[in-house]
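This report refers to the structure that appears directly beneath it.
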Amino acid sequence: MTDSLEHLKYLSSNISDAMLFESNDEDEEYQVNKNSKIKVLDFILDEHDKTNDNSISKEQFNIVFLKSLELLQANTGCAEDLEILEDILDVLYDKGLIDKEKYKNIIEGSPCGRWL
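What follows is the structure, given as structure tokens:
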């Protein structure tokens with residue numbers, strides 16, 4: 001569990017770095033931002049796989065899962081960020097890790113939620 005939380009700290013730092021990244025190419029900035037957040041999605045899915053082979057408990061996964069969602073939600077401040085978040089939530093929904101209500105709550109709880 002400690003390793004998972006440490007990795008989540010690394011991912012948080014990676015997102016922070018991506019948010020500070022500047023380029024003359026807006027597409028490059030978008031891709032750096034998106035890639036940093038897709039790494040969080042990959043982390044969530046990897047951690048979920050660990051529950052299948054009992055490497056971590058469902059309770060441990062739930063802690064990491066919620067912290068990961070909070071990280072993504074907190075770093076959604078503009079329309080592009082919201083688009084990225086929705087892409088990630090679509091995957092989590094398709095995999096059965098969140099339901100429609102949780103999806104809606106995450107979007108509404110993001111900094112962009114006040115505009116929706």
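Residue numbers (the UniProt record's numbering): 1 to 116.
Ideal Cβ placement from N, Cα and C applies to all residues, glycine included.
No experiment lies behind these values; they were computed from the predicted model shown.
Neighbour-count burial assignment, residue i, 16 or more Cβ in a 10 Å radius
i: K95; result: exposed
i: D49; result: exposed
i: D81; result: buried
i: S57; result: exposed
i: S66; result: The sequence shown places Leu at residue 66, rather than the Ser named in the question. Exposed.
i: S23; result: exposed
i: L45; result: exposed
Start-to-end residues for the alpha helix (DSSP H) that takes in residue i
i: G109; result: K100 to G109
i: L72; result: K58 to A74
i: S12; result: T2 to L20
i: L92; result: A79 to D94
i: D27; result: E26 to N52
Other residues of its chain near residue i: CB distance less than 6 Å, five sequence neighbours each side excluded
i: V64; result: S4 and E47
i: S55; result: none
i: Y103; result: L89 and Y93
i: I98; result: L92
Beta-carbon proximity list for residue i, same chain, < 7 Å, skipping 5 on both sides
i: V32; result: A18 and F21
i: I106; result: L69, Q73 and L89
i: E28; result: none
Proximity to residue i [Cα-Cα], best of the options
i: T76; options: H7, C112, K100 and N52; result: C112
i: K34; options: L45, E83, T51 and S23; result: E83
i: F43; options: Y30, C78, L92 and E29; result: L92
i: I15; options: E86, I98, L71 and L97; result: L71
8 Å Cβ shell around residue i - same chain, five flanking residues per side excluded
i: E59; result: none
i: Y30; result: E80
i: F61; result: E47, H48, K50 and T51
i: C78; result: C112
> Are the segment 3 to 15 and the segment 32 to 41 touching, with three or more C-beta to C-beta distances below 8 Å?
Replying inline: Taking a cut-off of 8 Å on C-beta distances, the segment 3 to 15 touches the segment 32 to 41, as three or more cross pairs fall below it.
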